[in-house]
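As structure tokens, the structure follows; a few thoughts come after it.
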Amino acid sequence: MSILGRLVRESGKFKVGMVITLILIILALLSDWLVRWRIGDADPIKAGTYAIFVDPNSENWLGTDRYGRDVLALVFAALPVSLTVAFLAGLLSTAMGVIVGFVSGYKGGRTDAFLRTVTDMLIVIPTLPLVIILAANTRSLGSVKLALVLAVFSWPFAARVIRTQVMSLRERPYIELARISDVSDRSIIFGEILPNMAPFVAIGFAQASVGSAFALVGLTVIGLGPSSQMDLGRLISEALGYGVISMGKEWIFIAPVFCLIMLFYGLALMSQGMEEFFNPRLRSGA
Amino acid sequence: MDVGVEKLAVLEEGRLPASPDKHSRKRRLSPTASYILRRIGLFLITLWGSLTAAFFFFRLLPGDPIRAYVGQLQQRGTTTTFETNEAMLAYYQKEFGLDGSLLHQYFSYFRRLLIDFDLGPSVLSYPTPAIDLIMRALPWTIGLIGVATLLGWILGMILGTLTGWNRNRTWAEVVTNGALGFSHLPAYFVALFLIIFLSYRWKLLPPNGAFNTALDPEWSMEFVLSVIKYGTLPVLATVIVAVANWMLSTRALVVSILGEDYLTFAGAKGLPARRILSAYVLRNAWLPQIAALGMALGGVVSGNVLIERLFRYPGVGSLLIDAVLIKDVNTAMAIVSILIILVLTINLIIDLTLPLIDPRVKLTGAGG
Amino acid sequence: MTDTQVQSAFRPTTSDEPLLEVKDLDVHFRLKNGGLARVVDGANLTIRRNEIIGIAGESGSGKTTLVEAILGINRFSNRQLGGQVLYHARNGEVMDLAALSPHQMARVRLSEIGYVPQGSMNSLSPTMRVADQIVDGMVSHGMSKSKARAKVPELLEKVGLDKRVMRLYPHELSGGMKQRVIIAIGISMEPSIIIADEPTTALDVNVQRRILATLMRLRDEMGVSIIMVSHDVAVHAELVDRLAIMYAGQVVETGGVRPMLKAPLHPYTKGLTDAIPTITATRQRIDGIRGVTPSPDNWPKGCRFHNRCQYAMPQCAEIPPQLVSLSDERVKALNQVETSTEDRMVSCHLYGSGADRD
Chain A
1 MSILGRLVRE SGKFKVGMVI TLILIILALL SDWLVRWRIG DADPIKAGTY AIFVDPNSEN
61 WLGTDRYGRD VLALVFAALP VSLTVAFLAG LLSTAMGVIV GFVSGYKGGR TDAFLRTVTD
121 MLIVIPTLPL VIILAANTRS LGSVKLALVL AVFSWPFAAR VIRTQVMSLR ERPYIELARI
181 SDVSDRSIIF GEILPNMAPF VAIGFAQASV GSAFALVGLT VIGLGPSSQM DLGRLISEAL
241 GYGVISMGKE WIFIAPVFCL IMLFYGLALM SQGMEEFFNP RLRSGA
Chain B
1 MDVGVEKLAV LEEGRLPASP DKHSRKRRLS PTASYILRRI GLFLITLWGS LTAAFFFFRL
61 LPGDPIRAYV GQLQQRGTTT TFETNEAMLA YYQKEFGLDG SLLHQYFSYF RRLLIDFDLG
121 PSVLSYPTPA IDLIMRALPW TIGLIGVATL LGWILGMILG TLTGWNRNRT WAEVVTNGAL
181 GFSHLPAYFV ALFLIIFLSY RWKLLPPNGA FNTALDPEWS MEFVLSVIKY GTLPVLATVI
241 VAVANWMLST RALVVSILGE DYLTFAGAKG LPARRILSAY VLRNAWLPQI AALGMALGGV
301 VSGNVLIERL FRYPGVGSLL IDAVLIKDVN TAMAIVSILI ILVLTINLII DLTLPLIDPR
361 VKLTGAGG
Chain C
1 MTDTQVQSAF RPTTSDEPLL EVKDLDVHFR LKNGGLARVV DGANLTIRRN EIIGIAGESG
61 SGKTTLVEAI LGINRFSNRQ LGGQVLYHAR NGEVMDLAAL SPHQMARVRL SEIGYVPQGS
121 MNSLSPTMRV ADQIVDGMVS HGMSKSKARA KVPELLEKVG LDKRVMRLYP HELSGGMKQR
181 VIIAIGISME PSIIIADEPT TALDVNVQRR ILATLMRLRD EMGVSIIMVS HDVAVHAELV
241 DRLAIMYAGQ VVETGGVRPM LKAPLHPYTK GLTDAIPTIT ATRQRIDGIR GVTPSPDNWP
301 KGCRFHNRCQ YAMPQCAEIP PQLVSLSDER VKALNQVETS TEDRMVSCHL YGSGADRD
């Protein structure tokens, strides 16, 4: 934990990113309470609670949308859904990335060559079309399935981070020493390599979460997200669908856009802060 | 490679090798030739691998595509001349390459894609072949991506070099922080703001479409200008984010090059700053960035799908989403296949050009 | 002219005429925490025509910073320069290199002072052919491109390389060959001085010896002075005429290399020379020097070596000693050794230095 303390103290980027992300997480955890605070016991997603297209005022702080829903309450209700999917996808793709990157970096040779070709392939070919097609053809697409779909196509980024680190750790003298002195692979992996990997798994997680969030929002903004749930992207998509821009009522989607931008910034700053902290060579770079 | 080391070891002694060992020379390929062969091999393997993956991806999609097609066609009121439902299903199975065993379908997919260049009719505008729809949309997409990517890359390289070179100046700091801000934004959010302000508020540029539909598509000055006018916003949305990202990575490269021993030594040679920047910094910074361009292409194409959708731009991305929305799996599959071929081919071209300009590539090999 | 024979049979007499005089040179760095790192602090050194002078000292003693200051290389913006670097040009003109503008300094480099840097493994740009990297230095000093190109084979030959090397890229060269290319660049404008900063540290012993021999041969052929920076006293013993020992940002002893290694005066020099194992020596523990190099932002008061010195006297902790010449008689009397023709300078209270000034 002292490492986390040093990270927070020494990296301004990480600190800002962490504060932003924590605020979002706290808002998401307080979601139910916040919705009730704004609109009482009404269902935030149900149409017709208020008059439609009310401009921001003292009761509806961010106004209402075409269906007469309170925009702020909608944002509070949608935030946890978006965060859950982004973090779940980040977690799943990190897990896949760690496994692939680890095997690739540790085994080396043909295994590495094969896994690296697959990883590079998934990075080089455009995968969002596949995500779109998969999402559109999956029946009853919920948070978990969507997260899985996103993770399937975003693990290569985490895998690359992990592979590079394992490769460099493998070359360290003390690992070499352990290898030639007949220590089992298992104790090398769990005793020597894994403890040194934690920060890079964290970086991989932050990057995978950003990547997943990008894809998730892209997917939902064009209206292909889960239809059963309200998330921030779908708020934007609906607002675009009934033409808020041409009506000059952009404030309906400014709040969800703002929340998502904060999510992107929070995660990206954390991952950059960590990268610069654990990989000081990068520090001069930015 | 070992031949090279032997030769150099001789040179180390200050003597010429008596005569090059012709036998060992002949048996080995030159580094360039072996690099090209390896790279083309990797291209073929990757192409085969990703198309195979795509094939099984589409075969594993939930639902029966044929029934979905037929259902779609009937829904859209397409008249059929088939006696029975079975005959119709069998006909479409063949049309869409879904007859016979999975293995048969697999080979037929490759044959149809690479030799016949026909993956069957689209549902989107039956009976127009899916490939024809794609070929109609592809120029728009290539134009959009090509202009936006090149513009973003070139501007990013220039800005990154300038901010890296002047890294202690205030203005460079300001530009870098600005770029940091934009680099974390998805292009489709930038697009939203551009539409709001440049189209609706200030009415400077049209918010959607690819050209003024009142004009006939022809090579007239008026039409070309209209294409440029309509293309500005989607290009701008992509370029803003691309410039920020290319600038930051170039800047990081330049800053690390500035710390290299060869830069200190170039200074110790008494070279003027201009020469150091052009010959030592730029040359070592832009080569890795060309290689990075190829790797970034997949993401660019992905992002462009969303941009085209937001701007209703008649490219492949819009076509894909139109197809997906009515579950036209055949067209979607054709689009994915074409995009894969396109991106991998461009990557191959970039990698084959690299050894012409970067002396190190031949030895480090295809994997980088 | 065999490169393998390291100690060349004859040494041209080094004239007493000074070529470069470093006078009270300070290279300080303002630290972020407000402190001042006095990496080089009042260093004095004279380099004569046609001599090879060695600078020795442990890492952190300021060797590299000193020669980089002579060359006007400034890696950090927080550098503060003080003192003089007087260069006696061939036409008799004397200029203070420390006072030149970056633009003027650029012209001095290569044409007056050649540089063979530390870490020369990475001192050639990986994306340029060897020839281009030799040529561009000459071109930037006013030579025509064709003339510069024509000179490349001859330069490569001078440093013992085949002329075909010019068409190669750095990654196609071995470490020793890269070092030779760098030396070729260093002598391309026929400078009066070559500064070689740890030129052989990363190379294996055989290559190292051949490179050193090449440097000596160049000195004989071209009449160039060489400043040789190395932490390795054995390298100095093989190569240099005179030796300067640096400690804590200052030159603490100078003199002819043989008398100095045979009979070191400064206790720190003693420590350094004791650390050289010899074949003839009986088996004994190498003592090295107690303690660690102090930090440049907090040098000890008085003599900077006093807290590591076994001969320290009360005044050592109070009064900084000055670098003063000792007469031959004095040296002889102190050490009971054969006298040397080289003058000897030392900065140590044991020899009474500094007392007359403070």
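Protein chains in written order, with the numbering used here: chain A, 1 to 286; chain B, 1 to 368; chain C, 1 to 358. Ideal Cβ placement from N, Cα and C applies to all residues, glycine included.
Over the uninterrupted beta strand (DSSP E) stretch that includes residue i, give me the two end residues.
{"i": "A/Tyr67", "result": "Where A/Tyr67 is concerned, there is no enclosing beta strand (DSSP E), given that its DSSP letter is neither H nor E."}
{"i": "B/Asp64", "result": "Looking at the DSSP string, B/Asp64 is not in any beta strand (DSSP E), and its letter there is neither H nor E."}
{"i": "C/Val159", "result": "No beta strand (DSSP E) contains C/Val159, which DSSP labels as neither H nor E."}
{"i": "C/Glu253", "result": "250 to 256"}
{"i": "A/Pro156", "result": "A/Pro156 -> not in any beta strand (DSSP E); alpha helix (DSSP H) instead, spanning 143 to 170."}
{"i": "C/Lys23", "result": "18 to 30"}
{"i": "C/Asn44", "result": "36 to 48"}
{"i": "C/Val85", "result": "79 to 88"}
{"i": "A/Ile193", "result": "First-last for A/Ile193: undefined, no H or E at that position."}
Roughly how many whole angstroms lie between the Cα atoms of residue i and residue j?
{"i": "B/Thr84", "j": "B/Ser101", "result": "23 Å"}
{"i": "C/Val40", "j": "C/Asp297", "result": "11 Å"}
{"i": "C/Cys348", "j": "C/Gly83", "result": "22 Å"}
{"i": "B/Ser226", "j": "B/Ala187", "result": "23 Å"}
{"i": "B/Gln289", "j": "B/Asp261", "result": "21 Å"}
{"i": "B/Ile346", "j": "C/Pro170", "result": "30 Å"}
{"i": "C/Val139", "j": "C/Ala131", "result": "12 Å"}
{"i": "C/Tyr351", "j": "C/Leu161", "result": "48 Å"}
{"i": "A/Ile125", "j": "A/Val131", "result": "12 Å"}
{"i": "C/Gly114", "j": "C/Ile194", "result": "4 Å"}
{"i": "C/Glu221", "j": "C/Asn50", "result": "10 Å"}
{"i": "C/Lys163", "j": "C/Val116", "result": "20 Å"}
{"i": "B/Arg283", "j": "C/Thr127", "result": "7 Å"}
{"i": "A/Ala268", "j": "B/His184", "result": "7 Å"}
{"i": "C/Leu124", "j": "C/Ile183", "result": "12 Å"}
{"i": "B/Trp202", "j": "B/Thr170", "result": "32 Å"}
{"i": "C/Ser59", "j": "C/Met246", "result": "10 Å"}
{"i": "A/Phe14", "j": "B/Val123", "result": "50 Å"}
{"i": "A/Ile245", "j": "B/Thr213", "result": "22 Å"}
{"i": "B/Leu271", "j": "C/Met105", "result": "10 Å"}
Which term fits residue i, buried or exposed, when burial requires 16 or more other beta carbons within 10 angstroms of its beta carbon?
{"i": "A/Phe277", "result": "buried"}
{"i": "C/Gly302", "result": "buried"}
{"i": "C/Asp204", "result": "exposed"}
{"i": "A/Tyr174", "result": "exposed"}
{"i": "C/Ile289", "result": "buried"}
{"i": "A/Pro309", "result": "Coverage of chain A is limited to positions 1 through 286, which leaves residue 309 of chain A absent and any answer about it impossible."}
{"i": "C/Glu253", "result": "buried"}
{"i": "C/Gln250", "result": "buried"}
{"i": "A/Phe214", "result": "buried"}
{"i": "B/Phe55", "result": "buried"}
{"i": "C/Tyr311", "result": "exposed"}
{"i": "A/Ser271", "result": "buried"}
Could you round the C-beta distance between residue i and residue j to whole angstroms and report it? I think they count as a contact, below 8 Å.
{"i": "C/Val165", "j": "C/Val181", "result": "7 Å"}
{"i": "C/Ile185", "j": "C/Ile134", "result": "5 Å"}
{"i": "C/Arg109", "j": "B/Ala268", "result": "6 Å"}
{"i": "C/Leu215", "j": "C/Ala196", "result": "7 Å"}
The alpha helix (DSSP H) spanning residue i covers which residue range?
{"i": "B/Val147", "result": "130 to 165"}
{"i": "A/Phe258", "result": "251 to 278"}
{"i": "C/His103", "result": "102 to 111"}
{"i": "A/Ala239", "result": "232 to 241"}
Could you run through the segment 298 to 320 of chain B and flag, in chain order, every residue whose CB is less than 7 Å away from some CB of chain A? Gly298, Val301, Ser302, Val305, Leu306, Arg309, Leu320
Residues, ordered as in the chain, of the segment 166 to 197 of chain B that lie near chain C by beta-carbon distance below 8 Å: Asn168
At a Cβ cut of 8 Å, what residues of the segment 266 to 285 of chain B count as close to chain C, listed as they run along the chain? Ala266, Gly267, Ala268, Lys269, Gly270, Leu271, Pro272, Arg275, Ala279, Tyr280, Arg283, Asn284
Taking a cut of 9 Å between CB atoms, which residues from the segment 99 to 121 of chain A lie near chain B? Ala113, Arg116, Thr117, Val118, Asp120, Met121
Residues, ordered as in the chain, of the segment 25 to 58 of chain B that lie near chain A by beta-carbon distance below 9 Å: Residues Leu42, Ile45, Thr46, Gly49, Ser50, Ala53, Ala54, Phe57, Phe58.
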